[in-house]
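Presented below is the structure to which this report refers.
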Amino acid sequence: MHIDSYEFGQIVIDGQTYRQDLLIWSGRIKSDWWRSESHLLQIPDVFEALAADLQVLVVGTGASGRMAVDPELAAYLKDRGIELIARPSGEACRIINHMGQRRWAAALHLTC
134 MHIDSYEFGQ IVIDGQTYRQ DLLIWSGRIK SDWWRSESHL LQIPDVFEAL
184 AADLQVLVVG TGASGRMAVD PELAAYLKDR GIELIARPSG EACRIINHMG
234 QRRWAAALHL TC
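Residue 134 is where the sequence shown starts when you use this note's numbering, and the numbers rise one by one after that.
Listed below in structure tokens is the structure:
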């Protein structure tokens with residue numbers, strides 16, 4: 134899976150354009166994904182991705198980084214040995230493209 138481009142409100146993955154926030158794991162893309170609280174990422178928001186045997190969760194916090202990671206989610210990941218990378222979405226996309234063989238999931242906020 135390769136992220137071809139990202140700009141505010143739009144991402145292109147393997148030639149397909151998405152205009153909604155995405156949850157990605159195990160080569161799957163959930164394009165109708167949304168969070169319980171708009172700008173706070175919590176455990177239930179990514180639970181289905183966490184069911185995969187992850188090494189890394191990459192969080193795209195939006196173009197200007199407005200989405201926060203709930204401290205409970207951060208602690209949950211740490212307790213399970215899952216690395217958390219939370220960056221503005223443009224940077225998160227570049228990181229995803231360089232993940233190599235690591236088992237990862239991504240929660241990408243495409244706007245603010």
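Even for Gly, the Cβ is constructed at its ideal location relative to N, Cα and C. Only a predicted model underlies this, so the values are computations on that prediction, with no experimental measurement involved.
A distance of 8 Å or more separates the beta carbons of R236 and L174. Assignment of S222 by DSSP, reduced to helix, strand and coil, places it in the helix class. G193 counts as buried, since at least 16 other C-beta atoms from the protein chains shown sit within 10 angstroms of its C-beta. In the three-state reduction of the DSSP assignment, D178 falls in the helix class, which pools H, G and I. Uninterrupted alpha helix (DSSP H) stretches at least 4 residues long and entirely within the stretch 149-196 occur at 176-183, given in chain order.
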